[in-house]
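The sequence shown maps to residues 8 to 168 in our numbering.
Inspection log for the structure reproduced underneath, given as structure tokens.
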Amino acid sequence: MSSFVPTNYDLRTALLFCFHLKKTAAESHRMLLEAFGEHALENPKRNKSWVTLGEPSTSTPRPNRYGRKTMLCLWWDQKGEIYYKLLKPGETVILLHDNAPAHKAKQILQHAAYSPDLAPSDYYLFASMGQALAEQRFTSYEDVRKWLDDWFASKEKQFFW
Numbered sequence: 008m009s010s011f012v013p014t015n016y017d018l019r020t021a022l023l024f025c026f027h028l029k030k031t032a033a034e035s036h037r038m039l040l041e042a043f044g045e046h047a048l049e050n051p052k053r054n055k056s057w058v059t060l061g062e063p064s065t066s067t068p069r070p071n072r073y074g075r076k077t078m079l080c081l082w083w084d085q086k087g088e089i090y091y092k093l094l095k096p097g098e099t100v101i102l103l104h105d106n107a108p109a110h111k112a113k114q115i116l117q118h119a120a121y122s123p124d125l126a127p128s129d130y131y132l133f134a135s136m137g138q139a140l141a142e143q144r145f146t147s148y149e150d151v152r153k154w155l156d157d158w159f160a161s162k163e164k165q166f167f168w
């Protein structure tokens with residue numbers, strides 16, 4: 008028994024051949040069954056795999072190479088980290104975003120123009136943390152928490168400036 012599984016291209020080519028021979032749909036169907044076997048026309052989705060005729064092809068899901076994600080909420084200034092919290096799985100945060108114009112706000116805060124050095128988390132902290140995390144593998148929430156405690160403690164004050 009052959010292990011060849013016809014692709015859609017193979018079936019279309021065979022049907023085109025039958026069309027040029029002026030075969031009817033019933034005759035074309037019979038010829039395809041003779042050529043490719045009775046199971047070749049049952050599944051409209053074809054996989055490019057070699058299996059014994061009549062057996063389903065096996066598909067293996069890709070493993071998640073990044074593991075489970077954990078959210079870190081961090082507040083820091085030039086003196087160092089002020090507060091951080093590692094959220095547990097399923098725990099969420101509420102982002103309060105105030106779009107009120109300055110003239111309607113109760114208190115006007117002085118705010119400098121946008122500059123990359125005003126968002127060091129994006130350009131500096133997370134890049135450094137990402138490099139340190141690249142080779143790490145954690146098995147539990149507590150492992151992540153301990154790693155973060157050690158990582159923040161290992162940074163000098165100049166790191167945050």
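For each residue, glycine too, the CB sits at the ideal point set by N, CA and C.
**Q.** Any beta strand (DSSP E) of 3 or more consecutive residues that is wholly inside the segment 46 to 100
**A.** 79 to 84, 87 to 93
Q. For Leu-39, is the classification buried or exposed, using 16 other Cβ atoms within 10 angstroms of its Cβ as the cut-off for buried?
A. buried
Q: Consult DSSP for Met-161 and reduce its assignment to one of helix, strand or coil.
A: Reading off the sequence shown, one finds Ser at residue 161, where the question assumed Met. Here Ser-161 sits in helix by DSSP.
Q: Output yes or no for whether 8 Å exceeds the beta carbon distance between Leu-93 and Arg-152.
A: yes
**Q.** Candidates Thr-65, Leu-79, Pro-13, Phe-166, of which the one nearest Val-100 by Cα
**A.** Leu-79
**Q.** Whole-angstrom distance between Arg-37 and His-27, CA atom to CA atom
**A.** 16 Å
**Q.** Straight-line Cα distance separating Phe-24 from Ala-33
**A.** 14 Å
Q) From Lys-30 to Leu-48, what does the alpha carbon distance come to, in whole angstroms? A) 18 Å
Q | Best match in Phe-43, Phe-145, Glu-62, Leu-155 for proximity to Tyr-73 [C-alpha to C-alpha] | A | Phe-145
(Q) Less than 7 Å between C-beta atoms, sequence neighbours within five positions excluded: which residues of the same chain meet that for Ala-139? (A) Trp-158
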